[in-house]
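Undergrad: Mind having a look at this structure? Questions to follow.
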Amino acid sequence: MSAPLMAAEDLAVVYRRPGQRTVTAVDGVSLAINRGQTLGLVGESGSGKTTIGSVMLGLIQPDQGRVLLDGEPAAWRSRAQRAVMARRIQAVFQDPFGSMNPVRKIGQTMSEVPRYNLHLKPSAIAERIERALADVGMASDVLDRYPAQFSGGQLQRLAIARALVVEPEFMVCDEAVSSLDLSVQAQVINLLASLAVSRGLAYLFISHDLTVVRHLSHEIAVLYAGQIVEQGPASAVATNPRHPYTKALVLAAPVPQPAEQRARREARLRLAAPSARGQTGLADQMGQVSLADSRPLASRTPSSGCRWAPRCRLVRPVCRSERPVLSSRRPGWKVACHFDTEAGLAPDLGEST
Ligand SMILES: Nc1ncnc2c1ncn2[C@@H]1O[C@H](COP(=O)(O)OP(=O)(O)O)[C@@H](O)[C@H]1O
Ligand SMILES: [Mg+2]
3 MSAPLMAAED LAVVYRRPGQ RTVTAVDGVS LAINRGQTLG LVGESGSGKT TIGSVMLGLI
63 QPDQGRVLLD GEPAAWRSRA QRAVMARRIQ AVFQDPFGSM NPVRKIGQTM SEVPRYNLHL
123 KPSAIAERIE RALADVGMAS DVLDRYPAQF SGGQLQRLAI ARALVVEPEF MVCDEAVSSL
183 DLSVQAQVIN LLASLAVSRG LAYLFISHDL TVVRHLSHEI AVLYAGQIVE QGPASAVATN
243 PRHPYTKALV LAAPVPQPAE QRARREARLR LAAPSARGQT GLADQMGQVS LADSRPLASR
303 TPSSGCRWAP RCRLVRPVCR SERPVLSSRR PGWKVACHFD TEAGLAPDLG EST
């Protein structure tokens with residue numbers, strides 16, 4: 003079997019800042035993404051998603067583990083190495099306004115990366131820019147305009163086009179649709195999905211929102227407090243999650259039917275202990291997405307056992323003493339829970355009874 007296009011092996015990232023608590027943002031994470039495939043990385047804010055994406059982009063050196071590209075260690079040390087990486091790996095981030103230089107015309111911004119990293123004639127770069135713009139549904143007259151003249155959705159299309167110019171094999175999309183209106187979100191997700199097919203692109207698609215991730219992903223990895231708690235086929239994880247945290251995440255997604263919403267809220271409250279110090283948050287009372295815990299990660303993650311245990315309604319003594327290993331009971335589907343058995347989690351609290 004050939005090596006995956008991108009892989010991360012046993013990554014750990016620890017943030018140490020003078021006078022502040024040390025934060026283990028990523029703890030033993032391994033991922034593999036094949037050519038043309040999308041891995042969705044989902045988890046609440048602060049779970050370590052951006053840190054993992056940054057390691058895959060060479061922006062952060064991990065404290066442990068390594069990144070592999072085509073089975074070889076990825077390196078960004080020299081200028082030449084960084085140029086090779088920039089040709090193969092690109093990124094789209096959340097804030098479309100922040101990602102474009104406001105005093106430069108779109109054309110200048112779009113030609114920067116290829117000018118430094120591709121050994122092509124200006125006419126060849128111009129052709130690639132034309133093709134990238136066509137691919138994202140923008141006319142070439144945008145090149146003479148400034149970022150302020152575009153909406154967030156249009157700018158995000160331009161950010162995607164800019165990433166496409168070097169014709170990368172892999173893209174990290176970090177909350178790339180999170181700041182967009184729902185209707186625009188759907189358009190950009192469809193655009194990314196069609197680009198994956200037409201250009202054979204692979205994505206690490208990062209979002210706090212499972213409903214966004216599931217549409218685009220072949221596989222989903224669920225991150226909680228820097229550790230993967232569940233990973234498997236996207237449809238299976240999104241519709242039939244096995245880890246109590248994933249279940250709570252699925253149940254937290256808003257649905258348009260009030261009765262269904264109420265049933266999900268009740269089921270979710272049976273799975274996840276109320277967030278801060280036994281208090282039911284306003285979001286909990288409203289039945290909205292309520293998994294956010296305002297306390298810093300370090301203060302709510304125990305040093306031993308399962309990190310979700312303090313908030314898990316299914317908790318047993320073993321959960322507090324032994325860290326559950328991410329293991330596979332079904333092919334291609336891994337779960338880190340002491341109570342993930344052949345029969346599934348018992349009792350299955352995904353049902354509202
Ligand atoms: N530069 C940094 N310095 C210190 N702590 C950081 C830094 N970046 C992120 N963190 C902490 O690491 C954890 C993971 O952050 P991040 O990777 O941004 O999560 P996510 O993208 O899932 O919201 C959080 O607790 C965050 O506060
Ligand atoms: Mg983030």
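Start counting the sequence shown at 3; every next residue gets the next number (the working numbering). Built from N, CA and C at the ideal position, the CB exists for glycine as well. Small disclaimer: the values here were computed from a predicted structure and weren't measured.
Indicate whether the contact test is met: 3 or more Cβ pairs, each with one atom in the region 48-59 and one in the region 238-247, closer than 8 Å.
TA: Judged by Cβ distances under 8 Å, the region 48-59 makes no contact with the region 238-247, as fewer than three pairs qualify.
Undergrad: Let me check you understand the geometry: is the CB of residue 129 closer than 7 Å to at least one non-hydrogen atom of ligand 2?
TA: Translated into the one-based positions of the sequence shown, residue 129 becomes position 127. Because no heavy atom of ligand 2 lies under 7 Å away, the Cβ of residue 129 does not count as near it: no.
Undergrad: Can you confirm whether the region 240-254 touches the region 327-343 when touching is taken to mean that 3 or more C-beta pairs between the two stretches lie within less than 8 Å?
TA: Verdict: yes, contact present.
Undergrad: On the criterion of 16 or more Cβ atoms from any shown chain inside 10 Å, does residue 123 qualify as buried, or is it exposed?
TA: In the sequence shown, the residue the question calls residue 123 occupies position 121. By the 10 Å Cβ count, residue 123 comes out exposed.
Undergrad: Please check the pair residue 204 and residue 172, which I expect to be a contact at CB under 8 Å, by giving their CB distance rounded to whole angstroms.
TA: The residue labelled residue 204 in the question sits at position 202 within the sequence shown. The residue labelled residue 172 in the question sits at position 170 within the sequence shown. Indeed, because the Cβ distance is near 5 Å, the residues count as touching under 8 Å.
Undergrad: Does ligand 1 have a heavy atom nearer than 7 Å to the CB of residue 336?
TA: Working through the sequence shown from its first residue, we reach residue 336 at position 334. Flag unset: Cβ of residue 336 not near ligand 1.
Undergrad: Rounded to whole angstroms, what is the Cα-Cα separation between residue 252 and residue 335?
TA: To locate residue 252, count along the sequence shown from 1; it is residue 250. To locate residue 335, count along the sequence shown from 1; it is residue 333. Residue 252 and residue 335: Cα-Cα distance of roughly 17 Å.
Undergrad: Determine the burial state of residue 183: buried for a count of at least 16 other Cβ atoms within 10 Å of its Cβ, exposed for fewer.
TA: Locating residue 183 in the sequence shown gives position 181, counting from the first residue. With fewer than 16 Cβ atoms within 10 Å of its Cβ, residue 183 is classed as exposed.
Undergrad: State yes or no: is the C-beta of residue 146 nearer than 7 Å to some heavy atom of ligand 2?
TA: Here residue 146 refers to the residue found at position 144 when the sequence shown is read from its first residue. No, the beta carbon of residue 146 sits no closer than 7 Å to any heavy atom of ligand 2.
Undergrad: Give the single residue among 147, 170 and 313 whose Cα lies nearest to the Cα of residue 130.
TA: Along the sequence shown, one-based indexing puts residue 130 at 128. Residue 130 has its Cα closest to that of 170, out of 147, 170 and 313.
Undergrad: Take residue 177 as the anchor and find which of 264, 167, 158 and 185 has the nearest alpha-carbon.
TA: For the purposes of this step, residue 177 is taken as residue 175 along the sequence shown, with counting starting at 1. Minimum Cα distance to residue 177 is reached at 158.
Undergrad: In the DSSP assignment, the beta strand (DSSP E) including residue 237 goes from what residue to what residue?
TA: The residue given as residue 237 occupies position 235 in the sequence shown. Taken as a continuous stretch (DSSP letters only), residue 237 belongs to no beta strand (DSSP E), being part of the alpha helix (DSSP H) at 236-241.
Undergrad: Using the beta carbon as the reference atom, which residues fall closer than 6 Å to any heavy atom of ligand 1, ordered along the chain?
TA: Counting every residue whose Cβ lies closer than 6 Å to a heavy atom of ligand 1, we get 17, 19, 25, 27, 45, 47, 48, 49, 50, 51, 52, 53 and 299.
Undergrad: Does ligand 2 have a heavy atom nearer than 7 Å to the CB of residue 262?
TA: Working through the sequence shown from its first residue, we reach residue 262 at position 260. Result no, Cβ not under 7 Å from ligand 2.
Undergrad: Buried or exposed: where does residue 6 fall if 16 or more other Cβ atoms within 10 Å of its Cβ makes it buried?
TA: Against the sequence shown, residue 6 aligns to sequence position 4. Result: buried.
Undergrad: Quick check: residue 207 and residue 41, are their CB atoms within less than 8 Å of each other?
TA: If you number the sequence shown from 1, residue 207 lands on position 205. If you number the sequence shown from 1, residue 41 lands on position 39. Against a cut-off of 8 Å, the Cβ pair of residue 41 and residue 207 comes out as a contact.
Undergrad: Taking the continuous beta strand (DSSP E) assigned at residue 123, which residues delimit it?
TA: The residue given as residue 123 occupies position 121 in the sequence shown. Run containing residue 123: none; DSSP gives neither H nor E here.
Undergrad: Identify which residue in 144, 149, 255 and 70 has its Cα closest to the Cα of residue 46.
TA: Along the sequence shown, one-based indexing puts residue 46 at 44. Here the closest residue by C-alpha is 255.
Undergrad: Which residues mark the beginning and the end of the alpha helix (DSSP H) in which residue 55 is found?
TA: Taking the sequence shown and counting its residues from 1, one reaches residue 55 at position 53. Taken as a continuous stretch (DSSP letters only), the alpha helix (DSSP H) holding residue 55 covers 51-58.
Undergrad: Quick check on residue 74: buried or exposed, where buried means 16 or more other Cβ atoms within 10 Å of its Cβ?
TA: Looking up residue 74 in the sequence shown gives position 72. Result: exposed.
Undergrad: Provide the residue span of the alpha helix (DSSP H) that contains residue 262, from first to last.
TA: Taking the sequence shown and counting its residues from 1, one reaches residue 262 at position 260. Segment 260-273, the alpha helix (DSSP H) holding residue 262.
Undergrad: With a threshold of 6 Å on Cβ separation, who are the neighbours of residue 72 within its own chain once the five nearest residues in sequence on each side are excluded?
TA: For this step, residue 72 is matched to residue 70 along the sequence shown. So the list reads 5, once near-sequence residues are dropped.
Undergrad: Between residue 211 and ligand 2, is the CB less than 7 Å from at least one heavy atom?
TA: Along the sequence shown, one-based indexing puts residue 211 at 209. For ligand 2, not one heavy atom lies less than 7 Å from the Cβ of residue 211.
Undergrad: How is the beta strand (DSSP E) around residue 96 delimited, first residue to last?
TA: By 1-based counting over the sequence shown, the position of residue 96 is 94. That residue, residue 96, is in no beta strand (DSSP E); it is neither H nor E in DSSP.
Undergrad: May I ask which residues mark the beginning and end of the alpha helix (DSSP H) holding residue 87?
TA: Locating residue 87 in the sequence shown gives position 85, where the first residue counts as 1. Here the alpha helix (DSSP H) through residue 87 covers 81-90.
Undergrad: When you compare the region 99-111 with the region 160-167, are there three or more beta-carbon pairs, one atom per stretch, that lie closer than 8 Å?
TA: Taking 8 Å as the limit for Cβ pairs, the verdict is that the region 160-167 does touch the region 99-111.
Undergrad: When you compare each of 68, 35 and 17 to residue 221 by their alpha carbons, which one comes out closest?
TA: As a position in the sequence shown, residue 221 is number 219, starting the count at 1. Ranking the options by Cα distance to residue 221, first place goes to 35.
Undergrad: Taking only heavy atoms of ligand 2 into account, decide whether any of them is closer than 7 Å to the Cβ of residue 97.
TA: Along the sequence shown, read from residue 1 onward, the residue named residue 97 stands at position 95. It does not: the Cβ of residue 97 is nowhere closer than 7 Å to a heavy atom of ligand 2.
Undergrad: Apply the 10 Å Cβ neighbour rule to residue 53 and answer buried if 16 or more other Cβ atoms are within range, or exposed otherwise.
TA: Position 51 of the sequence shown, counted from the first residue, corresponds to residue 53. Classification of residue 53: buried, given that the 10 Å Cβ count is 16 or more.
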